[in-house]
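Enquirer: Supplied in structure tokens, the structure appears directly below.
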Amino acid sequence: MHPAVYYQCQRCTNCCRWPGFVRLDDADITAIAAYLQMTEHDFIQQYTRLRPQRDGLALIDKGNGECIFLAGRDCAVQPVKPAQCSGFPNTWSFPGWRDVCEARPMQKG
Ligand code: SF4
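So the sequence shown is numbered by my numbering: it starts at 3 and just counts up by one.
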């Protein structure tokens, strides 16, 4: 399904700072490990944790809730960032997201 409006990220980094879990699927792990020139095993050991439901892996955070890969105002893995990150707020969002996200609506077509 293609929504009529696409929200373009303004790189405010708010969503990189919310406490919570950044889910990683197999494709995310493969792409990020390769980008970091690490084996998938080492990447998993160093940068991931089990999700609370024990149904998969998530990135670790910095302890203050910020993403482990947030570097100043940049994402250290921007070209290969997880699908959860690149998808927000277009593929998923939550009630009230527009109060905390600066993405701007763009008309398609
Ligand atoms: S909160 Fe919204 S505008 Fe800010 S970085 Fe995340 S997606 Fe982009």
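Don't be surprised by glycine CBs; every beta carbon is placed ideally from N, CA and C.
In the DSSP assignment, find the alpha helix (DSSP H) that holds Q10 and state where it starts and stops.
Expert: First-last for Q10: 7-10, but that is the beta strand (DSSP E), not the alpha helix (DSSP H).
Enquirer: Suppose contacts are defined by Cβ-Cβ distances below 8 Å. Is P91 in contact with A105 by that definition?
Expert: yes
Enquirer: With respect to the alpha helix (DSSP H) encompassing A85, which residues constitute its N-terminal and C-terminal limits?
Expert: 85-89
Enquirer: Of all Cβ atoms in chain C, is any one closer than 8 Å to the Cβ of I46?
Expert: Included in the structure is just one protein chain, with no chain C present.
Enquirer: By Cβ distance, which residues of its chain are closer than 7 Å to Y49, with the 5 residues on each side in sequence left out?
Expert: L61, I62, I70
Enquirer: Out of R25, R100, T15, which has the shortest C-alpha to C-alpha gap to Q86?
Expert: R25
Enquirer: Name the DSSP beta bridge partners of D76, please?
Expert: A73
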